[in-house]
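4 protein chains.
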Amino acid sequence: MLEELKKKVYEANILLPKYGLVTFTWGNVSEFDPETRLFVIKPSGVDYDVMKPEDMVVMDLDGNKVEGDLNPSSDTPTHVEIYKAWADKGVKGIVHTHSSYATSWAQAGRGIPCYGTTHADYFYGEIPCVRCLTKEEIEDAYEENTGHLIVGEFERMGKDPIAVPAVLCRNHGVFSWGKDGNEAVHNSVVTEEVAKMAYRCETINPRVQPAPQELQDKHYYRKHGANAYYGQAKKS
Amino acid sequence: MLEELKKKVYEANILLPKYGLVTFTWGNVSEFDPETRLFVIKPSGVDYDVMKPEDMVVMDLDGNKVEGDLNPSSDTPTHVEIYKAWADKGVKGIVHTHSSYATSWAQAGRGIPCYGTTHADYFYGEIPCVRCLTKEEIEDAYEENTGHLIVGEFERMGKDPIAVPAVLCRNHGVFSWGKDGNEAVHNSVVTEEVAKMAYRCETINPRVQPAPQELQDKHYYRKHGANAYYGQAKKS
Amino acid sequence: MLEELKKKVYEANILLPKYGLVTFTWGNVSEFDPETRLFVIKPSGVDYDVMKPEDMVVMDLDGNKVEGDLNPSSDTPTHVEIYKAWADKGVKGIVHTHSSYATSWAQAGRGIPCYGTTHADYFYGEIPCVRCLTKEEIEDAYEENTGHLIVGEFERMGKDPIAVPAVLCRNHGVFSWGKDGNEAVHNSVVTEEVAKMAYRCETINPRVQPAPQELQDKHYYRKHGANAYYGQAKKS
Amino acid sequence: MLEELKKKVYEANILLPKYGLVTFTWGNVSEFDPETRLFVIKPSGVDYDVMKPEDMVVMDLDGNKVEGDLNPSSDTPTHVEIYKAWADKGVKGIVHTHSSYATSWAQAGRGIPCYGTTHADYFYGEIPCVRCLTKEEIEDAYEENTGHLIVGEFERMGKDPIAVPAVLCRNHGVFSWGKDGNEAVHNSVVTEEVAKMAYRCETINPRVQPAPQELQDKHYYRKHGANAYYGQAKKS
Numbered sequence: 001m002l003e004e005l006k007k008k009v010y011e012a013n014i015l016l017p018k019y020g021l022v023t024f025t026w027g028n029v030s031e032f033d034p035e036t037r038l039f040v041i042k043p044s045g046v047d048y049d050v051m052k053p054e055d056m057v058v059m060d061l062d063g064n065k066v067e068g069d070l071n072p073s074s075d076t077p078t079h080v081e082i083y084k085a086w087a088d089k090g091v092k093g094i095v096h097t098h099s100s101y102a103t104s105w106a107q108a109g110r111g112i113p114c115y116g117t118t119h120a121d122y123f124y125g126e127i128p129c130v131r132c133l134t135k136e137e138i139e140d141a142y143e144e145n146t147g148h149l150i151v152g153e154f155e156r157m158g159k160d161p162i163a164v165p166a167v168l169c170r171n172h173g174v175f176s177w178g179k180d181g182n183e184a185v186h187n188s189v190v191t192e193e194v195a196k197m198a199y200r201c202e203t204i205n206p207r208v209q210p211a212p213q214e215l216q217d218k219h220y221y222r223k224h225g226a227n228a229y230y231g232q233a234k235k236s
Numbered sequence: 001m002l003e004e005l006k007k008k009v010y011e012a013n014i015l016l017p018k019y020g021l022v023t024f025t026w027g028n029v030s031e032f033d034p035e036t037r038l039f040v041i042k043p044s045g046v047d048y049d050v051m052k053p054e055d056m057v058v059m060d061l062d063g064n065k066v067e068g069d070l071n072p073s074s075d076t077p078t079h080v081e082i083y084k085a086w087a088d089k090g091v092k093g094i095v096h097t098h099s100s101y102a103t104s105w106a107q108a109g110r111g112i113p114c115y116g117t118t119h120a121d122y123f124y125g126e127i128p129c130v131r132c133l134t135k136e137e138i139e140d141a142y143e144e145n146t147g148h149l150i151v152g153e154f155e156r157m158g159k160d161p162i163a164v165p166a167v168l169c170r171n172h173g174v175f176s177w178g179k180d181g182n183e184a185v186h187n188s189v190v191t192e193e194v195a196k197m198a199y200r201c202e203t204i205n206p207r208v209q210p211a212p213q214e215l216q217d218k219h220y221y222r223k224h225g226a227n228a229y230y231g232q233a234k235k236s
Numbered sequence: 001m002l003e004e005l006k007k008k009v010y011e012a013n014i015l016l017p018k019y020g021l022v023t024f025t026w027g028n029v030s031e032f033d034p035e036t037r038l039f040v041i042k043p044s045g046v047d048y049d050v051m052k053p054e055d056m057v058v059m060d061l062d063g064n065k066v067e068g069d070l071n072p073s074s075d076t077p078t079h080v081e082i083y084k085a086w087a088d089k090g091v092k093g094i095v096h097t098h099s100s101y102a103t104s105w106a107q108a109g110r111g112i113p114c115y116g117t118t119h120a121d122y123f124y125g126e127i128p129c130v131r132c133l134t135k136e137e138i139e140d141a142y143e144e145n146t147g148h149l150i151v152g153e154f155e156r157m158g159k160d161p162i163a164v165p166a167v168l169c170r171n172h173g174v175f176s177w178g179k180d181g182n183e184a185v186h187n188s189v190v191t192e193e194v195a196k197m198a199y200r201c202e203t204i205n206p207r208v209q210p211a212p213q214e215l216q217d218k219h220y221y222r223k224h225g226a227n228a229y230y231g232q233a234k235k236s
Numbered sequence: 001m002l003e004e005l006k007k008k009v010y011e012a013n014i015l016l017p018k019y020g021l022v023t024f025t026w027g028n029v030s031e032f033d034p035e036t037r038l039f040v041i042k043p044s045g046v047d048y049d050v051m052k053p054e055d056m057v058v059m060d061l062d063g064n065k066v067e068g069d070l071n072p073s074s075d076t077p078t079h080v081e082i083y084k085a086w087a088d089k090g091v092k093g094i095v096h097t098h099s100s101y102a103t104s105w106a107q108a109g110r111g112i113p114c115y116g117t118t119h120a121d122y123f124y125g126e127i128p129c130v131r132c133l134t135k136e137e138i139e140d141a142y143e144e145n146t147g148h149l150i151v152g153e154f155e156r157m158g159k160d161p162i163a164v165p166a167v168l169c170r171n172h173g174v175f176s177w178g179k180d181g182n183e184a185v186h187n188s189v190v191t192e193e194v195a196k197m198a199y200r201c202e203t204i205n206p207r208v209q210p211a212p213q214e215l216q217d218k219h220y221y222r223k224h225g226a227n228a229y230y231g232q233a234k235k236s
């Protein structure tokens with residue numbers, strides 16, 4: 001079942017080492033199928049260079065394995081919670097990585113400020129860093145509660161997940177998302193790149209401030225929404 | 001039309017990912033043809049690995065598309081303004097990138113000081129960082145006003161664009177130029193390299209000063225002008 | 001003799017340049033054979049690209065060469081001491097490198113704090129940095145005393161080498177280990193990666209604290225011990 | 001003439017881009033032939049990927065071109081002075097680069113302290129940074145005076161060029177040397193690597209001190225001199 005999607009998810013997973021976002025097996029991509037309301041995800045702990053499309057695991061939104069010989073990624077319950085909350089808003093692909101610069105920000109417990117147009121082209125404002133889970137949340141259901149926390153914090157901060165398609169989890173790593181697995185990987189690459197630039201930028205000028213709001217708006221809306229004019233595709 | 005130039009501009013664009021200056025489609029190269037007073041530029045948002053020479057777009061200096069199926073780079077109006085002001089001074093190729101270290105300086109709002117001969121071999125003095133556009137300039141005609149700002153600031157600072165073939169745009173990225181697209185790419189590579197060294201240099205010695213003027217002069221004039229003696233070509 | 005193991009040790013050595021952990025010949029891998037109580041190690045100063053499996057050297061735990069035309073790695077006496085103390089605890093592969101970030105921490109004389117789950121997935125707590133040898137220890141038997149120091153310091157600190165499979169040697173470099181040469185290389189890669197992230201993390205937030213203990217526990221025990229649930233293998 | 005040596009020098013030059021030590025044409029290697037007292041050097045400003053062995057230029061120690069169609073490297077007079085002073089001490093290969101980290105130290109005006117054994121394995125003590133030339137020295141004979149300065153400063157500091165086979169030139173770049181062009185390249189790679197580690201090391205611990213002298217001695221003499229025991233070659 002979902003053979004087409006398995007192939008797509010496999011290929012999106014393979015992009016993670018290609019873009020230098022993962023070491024060993026430290027990452028996973030999933031994609032949601034709106035018709036069946038199932039999603040396909042990487043198996044846990046399988047090396048990228050031996051993994052095959054048929055190793056992908058099919059899951060439902062109750063966290064049950066629907067098809068697959070292997071265990072799904074141990075982060076699967078986080079994907080479940082994000083899809084449950086946001087799939088109907090358009091979040092149909094999710095990526096988790098420990099990409100090097102972004103994870104350094106996560107370890108430092110800080111969100112990535114929007115210092116320039118590279119960031120504003122993809123993210124409307126800061127990429128937030130959510131708090132650590134409490135001892136109780138960790139012991140109760142760590143991965144599921146990570147999903148609850150992300151969704152809850154976006155709500156609390158009034159952030160639209162479509163406009164801010166990534167989050168840092170304190171002391172942990174990065175989740176990013178998009179309209180499919182491929183776009184989620186794309187947003188992961190951008191997160192790493194802006195994490196790198198923001199890191200250097202603060203070293204060059206320790207008193208740097210975020211980019212002016214009007215510049216952030218200009219770049220974000222040049223690429224998104226009804227009046228976008230970047231690229232070739234017609235937006236409507 | 002301009003088939004030869006389209007091929008040349010295509011190849012110069014392909015150098016951007018080769019030299020690690022761009023992520024995804026974040027960059028563009030154009031080249032000006034003095035005979036027809038047209039220029040050829042990369043199409044907007046097209047991936048480097050599927051782009052073909054015939055995808056290049058031909059533009060005139062009024063910003064009209066003269067030939068091409070695709071939309072030109074969204075930064076085209078910036079290229080137009082630079083050619084209008086400087087093509088007759090010898091600026092016949094322009095590159096825009098968000099290359100990682102140089103953009104970190106742009107985000108920090110600082111020009112790149114001339115700390116050594118690597119810089120002085122290519123740039124006479126600091127690579128300046130021009131201010132952000134105002135809200136009005138952004139809303140009115142963002143890309144065109146970026147071109148006006150660059151040209152105006154070089155005039156105000158008394159900088160010769162031939163002797164300082166790159167600029168940082170605050171909170172944004174880098175524009176570089178040269179006698180053709182290829183030389184503009186070359187200057188983009190150098191900008192990134194000196195941005196990298198200047199960043200580290202200030203960490204190693206926070207009180208570092210620019211290189212002595214006589215050393216800057218020596219290296220710049222060893223490679224440029226009537227008395228140049230670097231390389232194989234005769235200068236006259 | 002031990003032809004199979006020589007091939008394995010050769011291949012583990014070849015992984016060091018593949019993962020970017022060594023420059024020139026600055027690294028070595030060995031693996032211990034519990035049956036014969038011999039170990040196989042890289043020859044000293046031989047380039048990775050001309051080295052062959054049959055160049056590997058067979059040593060006993062008294063530091064005698066049992067087989068091989070070439071001199072063993074000059075760090076062999078350190079390997080001997082570690083196997084003598086820890087082989088029966090499960091340490092059957094050892095790696096030494098001067099990998100760039102981890103060695104920077106060693107030169108700075110600091111252990112690598114556990115700032116996040118990437119670290120906690122592999123190491124239970126800080127990767128310690130042991131002191132320099134004294135003048136007497138250096139002059140007496142430098143490499144052997146390095147082994148004594150590592151083993152002695154782990155005992156003094158109450159650290160289990162299985163739970164903390166790497167150490168920094170002050171002003172020197174890294175030793176890591178595992179259940180075979182391959183796992184030791186794996187732990188070397190992780191050490192370098194967490195060294196890199198911890199370095200950046202402290203720059204981003206100079207007052208950063210280690211990750212909460214409950215998060216460290218969660219990630220460590222998600223991958224290790226009777227209740228591990230990461231990956232595909234059954235643990236018992 | 002010297003066909004064998006031209007090939008060797010060509011190949012040593014080709015190692016510079018291979019090891020990531022040069023951008024474009026920013027580097028050169030020469031090697032001295034003790035029999036004829038001539039040396040072979042890279043031509044000026046020729047791209048590494050079009051350069052051929054027969055392009056190498058043969059020079060004498062008075063700075064005259066003895067053979068070759070192309071201009072020699074513009075740094076040739078520096079090579080001349082170094083060979084004149086040190087060829088009889090064993091310096092028979094010279095490399096000049098602007099390698100990125102080492103040049104950052106040169107721009108910062110600081111020598112590279114010996115923070116660990118990676119450094120001590122190759123360099124006995126700090127890699128010094130010599131002062132800028134004066135206006136008069138620059139205008140009189142820049143490249144020749146660079147050579148005089150290096151030789152004079154080593155004498156003044158009581159440093160043996162064989163034991164410290166590299167130098168930083170303030171605001172400029174790196175010269176390294178060895179018993180042939182290949183060893184000089186090797187020392188250039190090490191200089192870049194220790195520059196990188198020292199840079200990070202000072203960030204991790206701003207109060208770091210050089211490695212203890214007895215550890216520096218141990219590592220230096222483990223690889224050099226009559227009692228060396230690293231590697232396979234017999235020393236006598």
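Chains as they are written, first to last, in the UniProt record's numbering: chain C, 1 to 236; chain F, 1 to 236; chain Z, 1 to 236; chain S, 1 to 236.
Ideal Cβ placement from N, Cα and C applies to all residues, glycine included.
Check your understanding: Which residues in the same chain have their Cβ closer than 7 Å to the Cβ of K84(F), if we skip the five residues on either side of it in sequence?
Key -> Counted from its first residue, the second sequence places residue 84(F) at position 84. Counting only Cβ-Cβ distances below 7 Å, and skipping sequence neighbours, we find L61.
Exercise for review: Identify, in the order they occur along the chain, each residue of the same chain with its Cβ nearer than 8 Å to the Cβ of Y221(Z), setting aside the five sequence neighbours on each side.
Suggested key: Counting from 1 along the third sequence, the entry for residue 221(Z) is found at position 221. Same-chain partners within the cutoff: N227 and A228.
Review point. Looking at the unbroken beta strand (DSSP E) that takes in M59(Z), where does it start and where does it end?
Key: Reading the third sequence from its first residue, position 59 is the one you call residue 59(Z). V57 to D60 is the span of the beta strand (DSSP E), which, as asked, contains M59(Z).
Check your understanding: Would you say G231(C) reaches chain F, if we count a Cβ-Cβ gap shorter than 7 Å as a contact?
Key -> Numbered from 1 along the first sequence, position 231 holds the residue referred to as residue 231(C). Interface residue, yes.
**Study point:** For G231(C), three-class secondary structure by DSSP
**Key:** Sequence index remark: in the first sequence, residue 231(C) carries index 231 (1-based). Residue state, collapsed to three classes: coil.
Point to revise | Within chain Z, partners of V66(S) - CB distance below 7 Å | key: Here residue 66(S) refers to the residue found at position 66 of the fourth sequence. Residues of chain Z passing the Cβ test: none, with the nearest at roughly 34 Å.
**Study point:** V46(C) to I112(C) span [Cα, whole Å]
**Key:** Taking the first sequence and counting its residues from 1, the one referred to as residue 46(C) is at position 46. Taking the first sequence and counting its residues from 1, the one referred to as residue 112(C) is at position 112. Roughly 31 Å separates the two Cα atoms.
Review point. Based on Cα-Cα distance, which residue from Y230(F), M1(F), A211(F) and G225(F) lies nearest to K107(S)?
Key: Start at 1 with the first residue of the fourth sequence, and residue 107(S) comes out as number 107. For the sequence presented, residue 107(S) should be read as Gln rather than Lys. For the residues Y230(F), M1(F), A211(F) and G225(F), the minimum Cα distance to Q107(S) belongs to A211(F).
Review point. Where are the beta strand (DSSP E) runs, 3 residues long or more, that stay fully inside the region 162 to 204 of chain Z, in chain order?
Key: 166 to 169 and 173 to 178
**Study point:** Option nearest residue 282(F) by Cα separation, candidates A184(F), E143(F) and E67(F)
**Key:** What the structure shows of chain F is the stretch from 1 to 236, and residue 282(F) is not part of that stretch, so it cannot be assessed.
Check your understanding: Can the beta-carbon of H98(Z) be found closer than 7 Å to that of G181(Z)?
Key -> On the third sequence, position 98 is the one that residue 98(Z) refers to. On the third sequence, position 181 is the one that residue 181(Z) refers to. No.
Check your understanding: So, is the C-beta of K218(C) closer than 7 Å to a C-beta in chain F?
Key -> Counted from its first residue, the first sequence places residue 218(C) at position 218. Yes, K218(C) lies at the interface with chain F (some Cβ there is under 7 Å from its Cβ).
**Study point:** Simplified DSSP state of V66(Z), which is helix, strand or coil
**Key:** Here residue 66(Z) refers to the residue found at position 66 when the third sequence is read from its first residue. If DSSP states are grouped into helix, strand and coil, V66(Z) belongs with the strands.
Exercise for review: Report the neighbours of N205(F) on chain S: residues whose CB is nearer than 7 Å to its CB, in chain order.
Suggested key: Sequence index remark: in the second sequence, residue 205(F) carries index 205 (1-based). Those within 7 Å of N205(F) in chain S are A108, G109 and R110.
Check your understanding: What is the residue span of the beta strand (DSSP E) that E31(C) lies within?
Key -> Locating residue 31(C) in the first sequence gives position 31, counting from the first residue. Per DSSP, E31(C) belongs to the beta strand (DSSP E) from G27 to D33.
**Study point:** Contact list for V189(Z) against chain C, beta-carbon separation under 9 Å
**Key:** Translated into the one-based positions of the third sequence, residue 189(Z) becomes position 189. Within 9 Å Cβ-Cβ: T23 and F24.
Practice item. For G93(C), name the three-state secondary structure that DSSP assigns. Key: For this step, residue 93(C) is matched to residue 93 along the first sequence. The answer is strand: DSSP assigns G93(C) an E or B state.
Exercise for review: For the alpha helix (DSSP H) holding L38(F), just list the boundary residues, first then last.
Suggested key: Within the second sequence, residue 38(F) is the residue found at index 38, counting from 1. L38(F) -> not in any alpha helix (DSSP H); beta strand (DSSP E) instead, spanning L38 to I41.
**Study point:** Assigned exposure category for T78(F) - 16 Cβ within 10 Å defines buried
**Key:** By one-based count along the second sequence, residue 78(F) stands at place 78. T78(F) should be labelled buried.
**Study point:** Where A211(S) meets chain Z, residues with beta-carbon distance less than 8 Å
**Key:** By one-based count along the fourth sequence, residue 211(S) stands at place 211. Neighbours of A211(S) on chain Z, chain order: Q107, C132 and N171.
Review point. Which residues bound the alpha helix (DSSP H) around D217(F)?
Key: What you label residue 217(F) is simply residue 217 of the second sequence in a count that begins at 1. Counting along the chain, the alpha helix (DSSP H) containing D217(F) begins and ends at Q213 to K223.
Check your understanding: What's the C-alpha gap between I127(Z) and S100(Z)?
Key -> One-based indexing of the third sequence puts residue 127(Z) at position 127. One-based indexing of the third sequence puts residue 100(Z) at position 100. Computed Cα separation, rounded: 16 Å.
Point to revise | Alpha carbon of E81(F) to alpha carbon of E144(F), nearest angstrom | key: Counting from 1 along the second sequence, the entry for residue 81(F) is found at position 81. Counting from 1 along the second sequence, the entry for residue 144(F) is found at position 144. Going by the C-alpha atoms only, they are around 7 Å apart.
Review point. What's the call for residue 267(S), buried or exposed, on a 16-neighbour Cβ count within 10 Å?
Key: Not covered by the structure: residue 267(S). The range shown for chain S is 1 to 236.
Point to revise | E143(C): first and last residue of the uninterrupted alpha helix (DSSP H) it sits in | key: Locating residue 143(C) in the first sequence gives position 143, counting from the first residue. Run containing E143(C): K135 to M157, per the alpha helix (DSSP H) assignment.
**Study point:** Endpoints, alpha helix (DSSP H) assigned at N13(F)
**Key:** Here residue 13(F) corresponds to residue number 13 of the second sequence, with the count starting at 1. Note, N13(F): alpha helix (DSSP H), E3 to K18.
**Study point:** V80(C) in three-state terms, based on DSSP
**Key:** Counted from its first residue, the first sequence places residue 80(C) at position 80. In the structure shown, V80(C) sits in a helix (DSSP, three-state: H, G or I).
Check your understanding: Quick one: Cα of residue 237(Z) to Cα of R170(Z), how far?
Key -> Residue numbering for chain Z in the displayed model covers 1 to 236; residue 237(Z) lies beyond these limits and cannot be assessed.
Exercise for review: Could you name the residues of the same chain whose beta carbon sits closer than 7 Å to that of C129(C), not counting the 5 residues immediately before and after it, in chain order?
Suggested key: Reading the first sequence from its first residue, position 129 is the one you call residue 129(C). So the list reads W105, A106, G109, R110, G111, L168 and R170, once near-sequence residues are dropped.
Check your understanding: What does DSSP give as the partner residues of C129(F) in its beta bridges?
Key -> Counting from 1 along the second sequence, the entry for residue 129(F) is found at position 129. DSSP output for C129(F) lists L168(F) as bridge partner(s).
Practice item. Output, in sequence order along the chain, the residues in the region 143 to 168 of chain F whose CB is closer than 8 Å to any CB in chain S. Key: none
Practice item. Please check if any C-beta of chain C sits within less than 7 Å of the C-beta of H98(F). Key: In the second sequence, residue 98(F) corresponds to position 98, counting from 1. Chain C, which has a Cβ nearer than 7 Å to the Cβ of H98(F), makes this yes.
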